Amino acid sequence: MKKGENIRQRKDGRWEARYTRGYDQDGKRIIASCYAATYEQVVEKRNALLDEICIRDNKPRGIGLLILGAGSHGKEVREIAEATRVFSRITFLDDNASGRDIIGGWSQAEELYGEYTAAIVAVGNRHLRMLWMSRLTEMGYTIPTLIHPSAVISPSARIGVGSVICARATVSTGASVGTGCIISAGAVIDRNATVEDWTHIEK
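Structure representation (structure tokens):
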């Protein structure tokens, strides 16, 4: 019984998922398999293995990232940024919190430019995202688009600047995600759909 891409149920009842573990010296794919008792479990197991491979094969590029907002969404954004392996240093600015890697309030973003070259606003409030993305751009920061390695993004999809695509999200063929959007974990953007700027799509 087959279900999903390269996933089948074996005669012994277990589910098997095949995935690309790497490439040999000739550039040919090395295929591996993982197993679990249910379809859902084998999908989760394969996705975890693919995440590990992505992290292993990509090294940080020496870019510093400031995240404005250290709440629950900010922490999620940090994990996504870490998973991309683009940023060598990631720290927070937050006016209402203190703790690990929170180095000051939002007003300090301007004085930190140069020490950090990229910044993103990680709060649910769309008006704050709009206001501060504009300010950060004026300061000279690069505003990244963050896509978790486990997200599925169609080659024909468009993702706007400053948007965050969380783990296991899907952006389908011809879809358009605007500026500063949040696409939550597991959410699906259908084919040819348009997500307006600053929108938060939940699963």
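Start counting the sequence shown at 526; every next residue gets the next number (our numbering).
In this text, a Cβ means the ideal position worked out from N, Cα and C, and glycines have one as well.
On a predicted model such as this, the values are computed, not experimentally measured, just so you know.
Could you name the residues that DSSP lists as bridge partners for Leu618?
Leu593
Kindly indicate the opening and closing residues of the alpha helix (DSSP H) around Ser558.
Not the alpha helix (DSSP H): Ser558 falls in the beta strand (DSSP E), residues 554-561.
Where the beta strand (DSSP E) containing Arg533 begins and where it ends
532-534
Which residue marks the beginning of the beta strand (DSSP E) containing Thr545, and which one marks its end?
540-548
Please report the distance separating the alpha-carbon of Leu734 from that of Pro669.
Outside the shown range of the chain, which is 526 to 728, sits residue 734, and nothing can be said about it.
Three or more C-beta pairs under 8 Å: does that hold for the segment 627-643 against the segment 702-713?
no
Hey, out of Ile592, Ser613, His673, Ser675, whose CA is closest to Ala634's CA?
Ile592
In DSSP terms, what Val702 is bridged to:
Ile684, Val720
Distance CB(Ser701)-CB(Arg683) smaller than 7 Å
yes
On the DSSP letters alone, give me the boundaries of the beta strand (DSSP E) that Ala694 sits inside.
It is not in any beta strand (DSSP E) - Ala694 carries neither H nor E in the DSSP assignment.
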